[in-house]
Every structure is written in C-alpha cells, then in structure tokens.
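K.L.:
The structure is given below, and queries will be raised subsequently.
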Amino acid sequence: MSGTTAVVALLVGNTLHVSHVGDSRLVVVRCENGIYSGTQMTSDHTCEQSTELDRVRATGARVEQLQNGDHLDGPLRIFKGSLPYPGIVVTRSIGDSVATRLGVLHQPDVRTIELTEHDTHIILATDGLWDALTVKNIAEIISQIPSAQEAATELTNIGVRRLNQLHLDDNTTVIVVERQRMTASGDRF
C-alpha cells in the first residue's frame with residue numbers, strides 16, 4: 001500500500017534529461033556575476049494541479065484536507081471513499097497498489113533542459129527538503145559551501161532541523177551535483 005516519489009536525471013554534455021513522479025524535485029542553481037539563484041525544473045504532482053485533481057476525482061476518490069479539531073489542516077489528500085486511508089498528497093507515485101485504483105499514476109513527466117555555463121549545480125531532493133527550505137535558501141547555502149558532498153550534507157541537516165522546528169515528520173534525501181567538477185572530470189550521473 002505504500003509507494004514512493006522519484007526524480008531521476010541524466011546529464012549528457014549540456015543537455016539534462018529529467019523524469020519525475022510525485023513531489024520530489026529537481027532544481028538548477030546558477031551563478032551570474034557572483035549571484036546565486038535557483039530554478040525549480042519539475043512541477044509537483046498533487047491535487048493543487050487541476051488536471052491531476054480532476055483525474056483523481058473521476059475515480060470516485062475523496063479529496064480533502066485533514067481535519068484538525070474545528071479547522072482544516074495541510075494540503076489536499078486522496079482517500080478511498082469514507083476510509084481514513086491512504087491519505088496521500090501526491091497524485092503520481094511508484095508502487096502504491098491502493099492509490100493506483102484512486103487515479104494515482106506511475107507515469108512520469110519527462111523533460112529536456114539545455115544548461116548554460118552559468119548553471120553550476122543540480123539539486124535532486126525529496127519533499128522533506130522543499131517543505132523546510134525555499135529554492136532561494138538553497139541557492140544561498142550552495143554559494144557558501146565548496147563541495148557537492150558537503151552541500152548535500154548541510155542541506156539535509158538544515159532541512160531536518162527546520163522540519164523538527166515546524167513539527168513536521170518527513171524524510172529528507174538530497175543529491176547535489178556540481179557541474180564544473182563533472183565537466184572537468186568527464187563524469188556523468
């Protein structure tokens with residue numbers, strides 16, 4: 001009954017091929033004139049997108065926010081009829097046998113992005129990071145840390161601390177790819 005989200009990337013030269021399901025995201029960080037910024041290159045598959053919401057509702061799934069006392073709380077979630085499960089936020093995932101009957105697809109969005117010499121880092125991460133930090137925060141952190149491995153560790157640690165402060169319980173997985181180092185060594189991911 002449990003599935004997962006995913007984001008996968010293949011870099012060939014300056015061409016980045018991206019495939020994703022759910023709310024794991026890919027962000028490209030760029031540096032122009034010493035100023036770092038980030039751009040989200042994937043869109044979350046959630047009920048906030050009308051086409052995703054319409055598909056899920058067409059199956060008869062119940063879509064609503066969680067009830068917290070006398071008020072609604074959090075994002076829209078998908079439930080099976082009057083049952084209290086699965087209660088998931090994403091409209092696309094891999095491996096969720098119950099959710100597929102509720103309109104949750106395993107079909108990824110796929111896109112190709114042409115990178116420029118200003119695009120310095122590629123960040124792939126689960127929603128735990130994005131729930132804790134903005135793309136702007138992440139670009140600022142990347143600008144201050146010299147290595148991709150150290151940046152991934154720092155982003156994960158900051159993200160988990162922030163989730164704890166917000167009283168949110170979520171996993172956080174982060175991959176940081178430094179393009180300049182990859183280009184120099186010829187490595188691919």
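Counting in full-length UniProt numbering, the sequence shown runs from 1 upward without gaps.
Glycine is no exception: its CB is placed at the ideal position from the N, C-alpha and C atoms.
Remember, it's a predicted structure, so these values are computed and weren't measured experimentally.
#1: Check each candidate in Ala132, Gln165, His121, Gly3 and name the one with the smallest Cα separation from Pro146.
#2: In the DSSP output, what is Ser50 paired with across the bridge?
#3: Note down, in chain order, each residue of its chain lying with its Cβ closer than 7 Å to the Cβ of Arg57, except the 5 sequence neighbours on either side.
#4: Determine the DSSP secondary structure at Gln65, reduced to helix, strand or coil.
#5: Could you please give me the residues that DSSP links to Tyr36 through a beta bridge?
#6: Which of the three DSSP states, helix, strand or coil, is assigned to Glu117?
#7: Do you know offhand how far Gln65's Cα is from Arg92's?
#8: Between the beta-carbon of Ala151 and the beta-carbon of Val176, is there less than 8 Å?
#9: Pull up the CB-CB distance for Val27 and Ile123, whole angstroms please, since I reckon it's below 8 Å.
#10: If you reduce the DSSP assignment to three classes, tell me which class Val56 lands in.
#11: Measure the Cβ-Cβ separation of Thr15 and Thr112 and say whether it is below 8 Å.
#12: Applying the 10 Å Cβ sphere with the 16-neighbour rule, what's the burial state of Pro84?
P.N.:
The relevant details are as follows:
#1: Your numbering for residue 146 matches position 146 in the sequence shown. When only C-alpha atoms are compared, the closest one is His121.
#2: Counted from its first residue, the sequence shown places residue 50 at position 50. Per DSSP, none; premise fails for Ser50.
#3: The count along the sequence shown starts at 1 and reaches residue 57 at position 57. Closer than 7 Å at the Cβ level, and outside the excluded window around Arg57, lie Val63.
#4: Locating residue 65 in the sequence shown gives position 65, where the first residue counts as 1. Looking at Gln65 - three-state DSSP - the assignment turns out to be strand.
#5: Translated into positions along the sequence shown, residue 36 becomes position 36. Answer is Cys31, bridged to Tyr36.
#6: For the purposes of this step, residue 117 is taken as the residue at position 117 of the sequence shown. DSSP places Glu117 in coil when its eight states are reduced to three.
#7: To locate residue 65, count along the sequence shown from 1; it is residue 65. To locate residue 92, count along the sequence shown from 1; it is residue 92. Rounded to the nearest angstrom, the two C-alpha atoms are 18 Å apart.
#8: Counted from its first residue, the sequence shown places residue 151 at position 151. Counted from its first residue, the sequence shown places residue 176 at position 176. Taking 8 Å as the Cβ cut-off, Ala151 and Val176 qualify as a contacting pair.
#9: Taking the sequence shown and counting its residues from 1, one reaches residue 27 at position 27. Taking the sequence shown and counting its residues from 1, one reaches residue 123 at position 123. With 8 Å as the limit, Val27 and Ile123 qualify as a contact, their Cβ atoms being about 4 Å apart.
#10: Numbered from 1 along the sequence shown, position 56 holds the residue referred to as residue 56. If DSSP states are grouped into helix, strand and coil, Val56 belongs with the helices.
#11: Locating residue 15 in the sequence shown gives position 15, where the first residue counts as 1. Locating residue 112 in the sequence shown gives position 112, where the first residue counts as 1. Yes; because the gap between Cβ atoms is below 8 Å, this pair is in contact.
#12: Here residue 84 is taken as the residue at index 84 of the sequence shown, counted from 1. With fewer than 16 other Cβ atoms within 10 Å, it is exposed.
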